[in-house]
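Numbering (UniProt numbering), first residue to last: 1 to 189. What follows is a set of notes on a single structure, which appears directly below.
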């Protein structure tokens with residue numbers, strides 16, 4: 001939170017929260033940004049911002065593949081927020097960590113049969129399963145940590161969350177076939 005003032009008399013009075021937010025974003029190192037990392041590289045992503053010169057709310061997404069990596073990034077963010085507040089006496093900077101998405105592998109590794117059945121179902125549907133790190137948040141991650149282990153399966157979508165996101169009827173049919181096959185395989189357990 002900054003301090004508002006009429007722009008004509010702002011010198012020595014105004015603390016612009018937008019400039020403070022911009023400083024925070026520009027402090028994110030290149031090796032902690034989603035657009036410069038891949039694979040198992042965690043990141044901090046400024047997802048949205050809303051506010052005025054006096055008050056601004058920034059939503060940042062923090063992802064990592066280890067609990068320690070998540071904690072490191074949260075600590076980094078808290079340190080930056082504290083330094084920013086110190087640099088602007090009279091301002092207030094708060095970090096509210098809402099938990100985010102943890103790595104579902106922490107749970108799924110204890111129950112390999114769940115992933116194995118999904119892989120078998122895909123093979124039975126003439127799809128070669130590819131296993132890779134999920135770099136974004138998924139409903140499966142949340143469900144897994146709520147007690148329902150749920151690996152992320154393909155849905156046939158291409159360019160997820162981009163303006164050019166698309167899928168085909170054939171991809172969706174294959175995804176449906178895999179779900180039916182998973183149900184069939186589990187019914188035989």
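Built from N, CA and C at the ideal position, the CB exists for glycine as well.
Using CA coordinates, which residue listed in the options is at the minimum distance from residue i?
{"i": "residue 25", "options": "59, 2 and 147", "result": "59"}
{"i": "residue 131", "options": "17, 39, 11 and 9", "result": "39"}
{"i": "residue 172", "options": "158, 187, 28 and 65", "result": "158"}
{"i": "residue 44", "options": "66, 52, 70 and 51", "result": "70"}
{"i": "residue 6", "options": "53, 117, 68 and 79", "result": "53"}
{"i": "residue 180", "options": "117, 57 and 165", "result": "117"}
Do you know offhand how far residue i's Cα is from residue j's?
{"i": "residue 49", "j": "residue 120", "result": "43 Å"}
{"i": "residue 55", "j": "residue 77", "result": "19 Å"}
{"i": "residue 126", "j": "residue 161", "result": "27 Å"}
{"i": "residue 1", "j": "residue 14", "result": "11 Å"}
Does residue i pass the burial test, meaning 16 or more other C-beta atoms within 10 Å, or should it be called exposed?
{"i": "residue 103", "result": "buried"}
{"i": "residue 63", "result": "buried"}
{"i": "residue 147", "result": "exposed"}
{"i": "residue 42", "result": "buried"}
{"i": "residue 133", "result": "exposed"}
{"i": "residue 111", "result": "exposed"}
{"i": "residue 93", "result": "buried"}
Report the start-end ranges of each beta strand (DSSP E) in the UniProt domain "Peptidase M20 dimerisation" (2-88) that is 3 residues or longer and not cut off at the edges.
Here the runs fully enclosed are 43-51 and 56-63.
Does the structure place the region 21-39 close enough to the region 95-105 that three or more beta carbon pairs sit under 8 Å?
Contact annotation: the region 95-105 does not touch the region 21-39, with fewer than three C-beta pairs closer than 8 Å.
What residue ranges within the region 120-154 form continuous alpha helix (DSSP H) runs of no fewer than 4 residues, ordered along the chain?
Listed in chain order, they are 139-145.
Does the region 169-176 come close enough to the region 139-146 that 3 or more CB-CB pairs lie under 8 Å?
Judged by Cβ distances under 8 Å, the region 139-146 makes no contact with the region 169-176, as fewer than three pairs qualify.
Using 8 Å as the Cβ pair cut-off and three pairs as the minimum, do the region 150-157 and the region 72-90 touch?
No, because fewer than three Cβ pairs between the region 150-157 and the region 72-90 fall closer than 8 Å, the two stretches do not touch.
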